[in-house]
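A.B. asks: If you scroll down you'll find the structure; I have some questions about it.
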Amino acid sequence: MNIDLIKTQQYLEWLKDKLYLNAISSSAKNRTVYRGQVYRCNFGVGIGSEECKERPCVILQYNSANKTSPNVLVAPITHTASKLPVVVPIENKKDSAGNTLLDGNVLLGNITCVSKARLGDYITELTAAEMKEVDKAISLSLDVYHYYQTILNIYNDKLLYIDKLKEHNTTIQKKLDTAQETINQFNQLLKQYHFVNICELSEFLEKSNTKK
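Heads up: the sequence shown at position 72 corresponds to 240 in the working numbering, and the numbers run straight through without jumps.
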């Protein structure tokens with residue numbers, strides 16, 4: 169087994185950082201963060217292809233848990249470009265002076281749970297439209313998108329059925345309006361010729377037709 173001295177040094181440095189982060193974890197747990205916000209995050213030294221070093225991350229966890237939990241679910245933001253559906257590109261975020269605060273892509277294939285102690289400075293937050301794309305990518309990454317798609321299909325079918333019912337009801341209402349108009353005309357004739365009911369009027373009309 170070959171020992172990578174550079175990697176070994178990185179692990180030793182990371183061990184020192186971990187000891188510090190662990191020491192501040194009890195105070196960091198009270199920090200309140202919100203879904204969609206972006207912070208710097210110390211991912212440390214990873215194994216294999218895990219995300220590592222300090223980089224931006226977006227908060228994914230729901231806000232109730234963000235207030236009470238010492239940990240938080242995040243996704244890293246890197247400059248790794250990809251056409252994979254679990255990678256969401258974001259627009260460049262700039263400050264009032266025009267300096268770039270954030271750019272890159274959210275990697276929803278690398279969702280991870282970290283201690284709030286790993287979170288550094290607040291950077292910015294993603295837009296509602298970007299978070300909508302993030303949510304879709306999460307559902308794909310966790311293989312639950314097809315469940316939501318099934319529910320959406322059922323919902324759309326119900327909407328179509330409701331539209332057909334409305335159309336059918338409109339047709340029936342038109343027929344009822346026509347029938348009511350005919351009844352009103354009969355009632356006017358009853359009053360005009362002093363008939364007691366429609367049967368008398370019908371008999372009168374039949375006799376009139378017979379005489380003709």
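C-beta: ideal position from N, C-alpha, C; glycine also. These figures come from a predicted structure and were not determined experimentally.
Tell me which residue opens and which closes the beta strand (DSSP E) that Thr268 is part of.
C.D. replies: First-last of the beta strand (DSSP E) with Thr268: 268-275.
A.B. asks: Following the continuous alpha helix (DSSP H) through Leu180, name the residue where it begins and the one where it ends.
C.D. replies: Segment 173-196, the alpha helix (DSSP H) holding Leu180.
A.B. asks: By the three-class DSSP mapping on this structure, what secondary structure does Tyr202 have?
C.D. replies: Three-state result, Tyr202: coil.
A.B. asks: Should Asn260 be counted as a contact of the ligand PLP given a C-beta to heavy atom distance under 7 Å?
C.D. replies: Of the ligands one can find in the structure shown there are none, so the ligand PLP has no counterpart to examine.
A.B. asks: Distance, Cα to Cα, Lys197 vs Ser283?
C.D. replies: One C-alpha to the other measures close to 8 Å.
A.B. asks: With burial defined as no fewer than 16 other Cβ atoms inside 10 Å of the residue's Cβ, what is the status of Val312: buried or exposed?
C.D. replies: Label assigned to Val312: exposed.
A.B. asks: Give me, in chain order, the residues of the same chain whose beta-carbon lies closer than 7 Å to that of His336; leave out the 5 immediate sequence neighbours on both sides.
C.D. replies: None.
A.B. asks: Is it buried or exposed for Ala243, if we count other Cβ within 10 angstroms and need 16 for buried?
C.D. replies: It counts as buried.
A.B. asks: Looking only at its chain, what residues have a beta carbon closer than 7 Å to the beta carbon of Ala233, apart from the 5 residues adjacent to it on each side?
C.D. replies: Hits under 7 Å: none found.
A.B. asks: Starting from the N-terminal side, write out each stretch of the alpha helix (DSSP H) that is 4 residues or longer and does not extend beyond the region 271-325.
C.D. replies: If we require 4 residues or more, the alpha helix (DSSP H) runs fully inside the region 271-325 come out as 296-309.
A.B. asks: Can you give me the start and stop residues for the beta strand (DSSP E) that Asn260 sits inside?
C.D. replies: Counting along the chain, the beta strand (DSSP E) containing Asn260 begins and ends at 255-262.
A.B. asks: Determine the DSSP secondary structure at Glu222, reduced to helix, strand or coil.
C.D. replies: The answer is strand: DSSP assigns Glu222 an E or B state.
A.B. asks: Report yes or no: do three or more beta-carbon pairs, one from the region 244-259 and one from the region 289-303, lie closer than 8 Å?
C.D. replies: The region 244-259 vs the region 289-303: in contact.
A.B. asks: Taking C-alpha atoms, which residue in Asn210, Lys342, Lys343, Ala305 lies nearest to Arg286?
C.D. replies: Of Asn210, Lys342, Lys343, Ala305, the residue nearest in Cα terms is Asn210.
A.B. asks: Per DSSP, what are the beta-bridge partners of Thr246 in this structure?
C.D. replies: Answer is Asn273, bridged to Thr246.
A.B. asks: Terminal residues of the continuous alpha helix (DSSP H) containing Ser232?
C.D. replies: First-last of the alpha helix (DSSP H) with Ser232: 231-236.
A.B. asks: Between Leu275 and Thr246, is the Cβ-Cβ spacing less than 8 Å?
C.D. replies: Yes.
A.B. asks: Under the three-state reduction of DSSP, which class applies to Asn239: helix, strand or coil?
C.D. replies: Correct three-state label for Asn239: strand.
A.B. asks: Taking the straight line between their C-alpha atoms, what separation do you get for Tyr329 and Thr339?
C.D. replies: Near 15 Å, if we compare the C-alpha coordinates of Thr339 and Tyr329.
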